[in-house]
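When we follow this note's numbering, the leftmost residue of the sequence shown carries the number 198, and every step to the right adds one. Glycine residues also receive a C-beta, built at the ideal position from the N, C-alpha and C atoms. Model, not experiment: these values are computed from the prediction.
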Amino acid sequence: MLDINKIRSQFPSLSIKNNNGDKIIFLDGPGGTQVPKKVIDGISDYYKFSNANTHGEFITSIDTDNVMSSLRKKMSIFLGAEHENCISIGHNMTTLNFSLARGLSKLFKKGDEVIITDLDHEANRGPWMTLKEKGIKIIRVNLLNNGKLDYKDFKRKINDNTVMIAMGMSSNAIGTVNDFEYVKKLIKNKEILFLLDAVHYAPHFSIDVKKIGCDFLLCSSYKFYGPHLGFLYTKTDLLDKIDTDRLVVQEQNAPYKIETGTLNHAACKGVEKAIDFISSLGEGKNYREKIENAYEKISHHEKDLASKLYASLKSLDNISIIGPDFSNKRTPTVSFIHNSLTANEICKILADHNICAWDGHFYAKTAIENLELDKIGGITRLGISCYNSIEEINKTIESISRI
Ligand SMILES: Cc1ncc(COP(=O)(O)O)c(C=O)c1O
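Here it is in structure tokens:
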């Protein structure tokens with residue numbers, strides 16, 4: 198079990214109060230979580246003691262090199278990667294995915310097919326759409342009305358021209374966890390690259406890229422208690438085969454060859470501390486085991502709260518929940534619509550109750566359009582993170598019941 202009070206005491210922002218003395222309830226995690234003190238300290242310590250560019254002979258530069266390699270090492274353990282050279286760092290997931298798509302567009306040929314899904318965030322659609330300019334076909338997998346992908350459609354669309362599948366592990370809009378393991382099985386023994394967007398999955402479940410057998414996986418640390426950076430895992434030796442955009446003066450090999458310019462070293466220090474924070478919630482013989490155990494506890498706690506929220510909202514006459522129930526694995530992200538108020542109006546009322554929630558399509562625009570929710574202004578999204586308490590959820594249920 199997670200010690201929620203202990204966790205909450207580590208997050209300075211959870212003590213912020215409004216003019217009435219009420220604390221803020223952060224249910225905006227899918228847009229970016231709050232950050233524990235050790236992450237904030239890591240970032241400020243970097244500027245106090247280690248601030249420099251990389252690859253110099255002097256102490257702060259050597260420190261910075263160590264920050265970067267230590268982060269790559271920890272991120273590789275966090276994702277279950279082969280080694281630290283599989284981990285590239287970027288400004289965010291979107292930028293890395295655009296760079297990767299551009300690199301891969303030089304490997305693919307006219308008539309090749311790349312499969313994407315209608316449930317995905319635009320960051321895992323838009324970059325692949327650009328390949329159309331090269332005559333590469335972009336094939337879209339349908340989203341069903343129940344908020345799940347149409348796996349029959351998926352199977353039908355994989356053929357001899359398929360060169361890549363780019364799919365999300367879970368939906369940031371409605372919490373569906375996709376059956377990426379089934380899709381991986383469909384392409385067993387085929388030469389099809391398999392890319393996963395783990396941005397909304399990584400805050401809630403542990404990831405083992407070797408076990409999944411994916412070629413690429415992307416995530417963003419600001420969704421799991423860290424600062425704003427993106428990460429790309431690439432299977433050993435694969436990135437070296439991809440012609441990424443390079444300055445001649447930059448390193449031409451993996452994992453650096455998809456990184457551009459000077460990275461945010463202080464944020465990198467913060468991300469290392471965010472992974473340390475997650476591992477500190479678990480028990481085990483080594484760092485990986487602690488991370489895995491921490492995620493078991495996190496997902497258990499988050500599911501408890503989210504299923505209570507889901508059931509309570511479902512019982513309200515004026516609310517309809519959008520997205521799957523908790524009978525199968527899903528993230529603790531509960532989205533809904535109200536029968537007369539728009540999602541934005543609901544968020545304004547929640548904000549008056551000091552509850553942070555998001556409304557709209559959350560860049561999963563096609564999914565919201567396919568579900569015909571764009572016309573009514575999208576959906577309200579409540580996302581649960583490891584620091585949320587049952588009291589916060591009860592207060593949120595009470596606030597929504599009174600609307
Ligand atoms: C599922 C998913 N994929 C991709 C992204 C884009 O991530 P980034 O902001 O790091 O570019 C987001 C951001 O919300 C997301 O939720």
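Closest to residue i by C-alpha separation, out of the options, would be which residue?
i, options, result
"Lys245", "Ile204, Ile590, His497, Ala463", "Ala463"
"Leu224", "Ile594, Ser258, Glu486, Thr292", "Ile594"
"Lys307", "Asp317, Glu330, Pro233, Glu319", "Glu330"
"Ser296", "Met272, Lys270, Asp309, Thr327", "Thr327"
"Val531", "Phe208, Leu211, Lys214, Pro227", "Pro227"
"Val406", "Ala320, Ile362, Leu392", "Leu392"
"Asp440", "Ala298, Leu414, Ile543, Met198", "Ala298"
"Met272", "Lys466, Ser509, His498, Leu293", "Lys466"
"Asp200", "Leu579, Glu589, Asn585", "Asn585"
"Lys526", "Gly300, Asp376, Val311, Ile256", "Asp376"
"Glu486", "Ile495, Ser476, Lys494", "Ser476"
"Glu281", "Tyr453, His252, Leu340", "Tyr453"
"Ser417", "Ala491, Gly253, Phe428, Ile600", "Phe428"
"Ile333", "Ile313, Asn294, Thr459", "Ile313"
"Glu569", "Ile534, Leu579, Cys583", "Ile534"
"Lys420", "Tyr348, Phe208, Pro400, Asp442", "Pro400"
"Phe275", "Arg322, Ala508, Gly479", "Gly479"
"Gly520", "Ile600, Glu493, Asp514, Leu579", "Leu579"
State yes or no: is the C-beta of residue i within less than 7 Å of the C-beta of residue j?
i, j, result
"Gly574", "Asn536", "no"
"Tyr601", "Glu378", "What the structure shows of the chain is the stretch from 198 to 600, and residue 601 is not part of that stretch, so it cannot be assessed."
"Ile221", "Asn461", "no"
"Tyr422", "Val232", "yes"
"Leu414", "Met290", "no"
"Thr577", "Asp549", "no"
In the DSSP assignment, find the unbroken alpha helix (DSSP H) run with residue i in it and report its ends.
i, result
"Phe377", "377-383"
"Phe295", "290-302"
"Asp514", "Premise fails: Asp514 is in no alpha helix (DSSP H) and is neither H nor E."
"Ile152", "Absent from the model: residue 152. The displayed extent of the chain is 198 to 600, so no value can be given."
"Val531", "Element bounds for Val531: not the alpha helix (DSSP H) but the beta strand (DSSP E), 530-535."
"Leu547", "540-549"
"Gly239", "234-242"
"Phe351", "348-354"
"Gly323", "323-326"
"Ser524", "Run containing Ser524: none; DSSP gives neither H nor E here."
"Thr577", "Taken as a continuous stretch (DSSP letters only), Thr577 belongs to no alpha helix (DSSP H), being part of the beta strand (DSSP E) at 576-580."
With which residues is residue i paired in a DSSP beta bridge?
i, result
"Met272", "Paired residue(s): none; Met272 is not in a bridge."
"Ile312", "Ile336, Ile362"
"Lys220", "Lys214"
"Leu414", "Leu393, Tyr430"
How far does the beta strand (DSSP E) with residue i in it reach, from first residue to last?
i, result
"Tyr430", "427-431"
"Asp394", "390-394"
"Phe474", "Phe474 -> not in any beta strand (DSSP E); alpha helix (DSSP H) instead, spanning 462-477."
"Gly287", "284-287"
Open item on the list: Under 8 Å: do the segment 466-486 and the segment 228-247 share three or more Cβ pairs, one atom per stretch?
Closed with: Look at the beta carbons and you see the segment 466-486 touching the segment 228-247: at least three pairs across the two are nearer than 8 Å.
Open item on the list: Could you check whether the segment 367-385 touches the segment 332-352, counting it as contact only if at least three pairs of C-beta atoms, one from each stretch, sit closer than 8 Å?
Closed with: Enough Cβ pairs lie closer than 8 Å, so yes.
Open item on the list: With a threshold of 8 Å, are at least 3 pairs of Cβ atoms found where one atom belongs to the segment 386-400 and the other to the segment 351-366?
Closed with: Cβ pair count under 8 Å is three or more, so yes.
Task: the segment 310-319 / the segment 563-571 touching (three or more Cβ pairs under 8 Å) - done: With a cut-off of 8 Å, the segment 563-571 and the segment 310-319 count as touching, because enough Cβ pairs lie within range.
TODO: Count the C-beta pairs between the segment 278-298 and the segment 253-270 that are closer than 8 Å, then say yes if the count reaches three, no if not.
DONE: Segments in contact, yes.
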